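This report refers to the structure that appears directly beneath it.
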Amino acid sequence: MTLLLVITNDVERNASRGLLLLRGHTATARTPPLPDLPEELIMEILVRLPARTLVSLRSVCTSWRNLISSPDFIRNHLRRSCLRDPSLTLLRIACYNSSPFRCSGVGYDSIGVLSVRSIIDKPSRPTKVDYFSGQHYYRIVGSCHGLLCFFDEHDYQNTHGILWNPCTGFTFQSPQISGQAFSSGFGYDHLSDSYKLFGIIRKKGPSGVEYSTRIYTFGSTSSWRRIDDSPFGLFGIPPNHFCMPENGVFFGSSRACTINWIVNHHVVLYFDLGKETYAHFTLPDTDSSDYLLIQCKKLCVLRNCLSVCYGYLRTQHSIVWQMKEYGDAQSWTKLAMISVHDLVPLYISETDVLLAVFQSCRIVLCYLNDGSVRIPVIDYGVENNPYLSQSVGSWMAYIYHESLVSPNGLQSNSSKMLLRFIKPKPNPIVS
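For the sequence shown, position 341 matches number 336 in the working numbering, and the numbering has no gaps at all.
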């Protein structure tokens, strides 16, 4: 049994949609096997397929596995899928409960993964949630190029950085560092072609609680490095203050790759991953009479622009702003006004549908063309179990694109740290 690539006049259109027609073909006297296709042609066909399909095609033969797993192919596929044909990289939402607990044998530290396309295209049909769980509670720090980054803080005395590619199953753990991480961030440094994890580490020292700023570059021989402390104090926020920002938002472009936090209500502090320096710019101006009525401000990235969402308590609405030129405070532009005040935007579709989450743990669709709002149907997978559903739809949610990426050709070291993301099997509820 051999595999034939069936090439038609419609192949470009089909390939752009991620459709490769693979037909079984038995070599007989009447139907001799076709000659091998040039490797260049095979690569041009494969690079047009979705990441999830390519993961399956790695098992076709050794040469395909080597090709699909090669750094050049992965880089080309990522570039093509992100810039030229987004349909090749399926969008997913990864979300979790930021306050995990256990009851009746069910762990709420599980991570829920949902299809963005299913939610937007078919909101009235239940979108299935896939659950994954590790040995401990993993706090999501951020996502970039199909990679999700976590801090493992199960004992609150030591921590690890963890990378996970949900599409390929790749997992990697950083060396342990003493202390607990907060005000963290994760992203890609285009200057060094590397992925970096940023964190302010808090630990007990001889003279009390100590704070240090560390960065880890994911690599086979990397270690945590101490860098210049973050200048949060310049904005009136001491390192032990309850208003310290938590996870920063990664923004990446050909000009800048940064992690961004809102500090002191009207300033964005950012860390340049390439230069490893800090700078800041101001948020959009608001009416002074509205300032105290803004309940929340959330940073996000929408249509490749850094964005911020203001939630107004009195009028129960939100305003989304976009920064058209990163770093230029004069380029803030009002994008939309939405009749929900407690939003964390995640994504805007080509049809102007804004997907967001409530802080009250619900996914919402906002139709920007007519101003309507809709709650999609989510299939949590466990009937009559309200506790399990709390681990999905939480405001701790991240968009990621399915990809083949693993940093700098790293090999998964999950066998060393016994990290297993599995679909949990909660105990049945006895009425």
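All C-beta atoms in this analysis are idealised placements derived from N, C-alpha and C, irrespective of residue type, glycine included.
For clarity, every value in this text was computed on a predicted model and none was experimentally measured.
Query, Result
"Here's the rule: buried if 16 or more other CB atoms are within 10 angstroms of the residue's CB, otherwise exposed. What is Val359?", "buried"
"Which runs of the beta strand (DSSP E) fall wholly inside the stretch 268 to 331 and span at least 3 residues, in chain order?", "272 to 277, 289 to 297, 300 to 307, 312 to 318"
"Please say whether Arg70 and Arg60 have beta carbons closer to each other than 8 Å?", "no"
"Per DSSP, what kind of secondary structure is Arg74 in: helix, strand or coil?", "helix"
"So, under 8 Å CB-CB, Pro45 and Glu345 are touching, yes? Tell me the CB distance rounded to an integer number of Å.", "With a Cβ gap of about 17 Å, Pro45 and Glu345 do not count as contacting."
"Label Val136 either buried or exposed according to how many other C-beta atoms from any shown protein chain fall within 10 Å of its C-beta, with 16 as the threshold for buried.", "buried"
"Looking at Phe68 and the ligand FMN, is the gap between the Cβ and the nearest heavy atom below 7 Å?", "In terms of ligand content, the structure shown is empty, and the ligand FMN therefore cannot be addressed."
"Give me the Cβ distance between Ile343 and Met332, rounded to the nearest whole Å; I'm assuming they're in contact under 8 Å.", "About 14 Å; that fails the 8 Å criterion."
"Going by beta-carbon coordinates alone, are Val339 and Cys304 separated by less than 8 Å?", "yes"
"What residue range is occupied by the uninterrupted alpha helix (DSSP H) comprising Thr253?", "First-last for Thr253: 252 to 258, but that is the beta strand (DSSP E), not the alpha helix (DSSP H)."
"When DSSP labels each residue in this structure, what does Leu52 get in the three-state scheme?", "helix"
"Return the bridge partner residues of Asn61 from the DSSP annotation.", "Beta-bridge pairing links Asn61 to no other residue."
"Starting from Val108, follow its DSSP beta bridges and name the residues at the other end.", "Ala89, Asp125"
"Sort Ile257, Ser65, Arg74, Val111 by Cα distance to Leu86 and report the nearest one.", "Val111"
"Cβ of Gln317 within 8 Å of Cβ of Leu330?", "yes"
"Tell me which same chain residues have a C-beta within less than 8 Å of the C-beta of Val372, skipping the five on either side of it?", "Pro118, Ser119, Arg120, Pro121, Thr122"
"Do His149 and Gln168 count as a contact pair if the criterion is CB distance below 8 Å?", "no"
"Express the C-alpha separation of Asn299 and Ser113 in angstroms, rounding to a whole number.", "22 Å"
"Can you have a look at Cys56 and say buried or exposed, based on whether 16 or more other CB atoms are within 10 angstroms of its CB?", "exposed"
"I'd like the span of the beta strand (DSSP E) that includes Leu405, first residue to last.", "It is not in any beta strand (DSSP E) - Leu405 carries neither H nor E in the DSSP assignment."
"Give the secondary structure of Cys98 by DSSP, where H, G and I count as helix, E and B as strand, and everything else as coil.", "Low confidence applies to Cys98: its pLDDT is 44, below 50, so where it sits in the model is not reliable, and the reading given next is rough at best. Cys98: strand per DSSP, three-state reduction."
"With 16 as the cutoff for other CB atoms within 10 Å, does Leu36 come out buried or exposed?", "exposed"
"Might you give, ordered along the chain, the residues of its own chain that have their beta carbon closer than 6 Å to the beta carbon of Glu320, omitting 5 neighbours on each side?", "Ser326"
"Would DSSP call Ser225 helix, strand or coil?", "coil"
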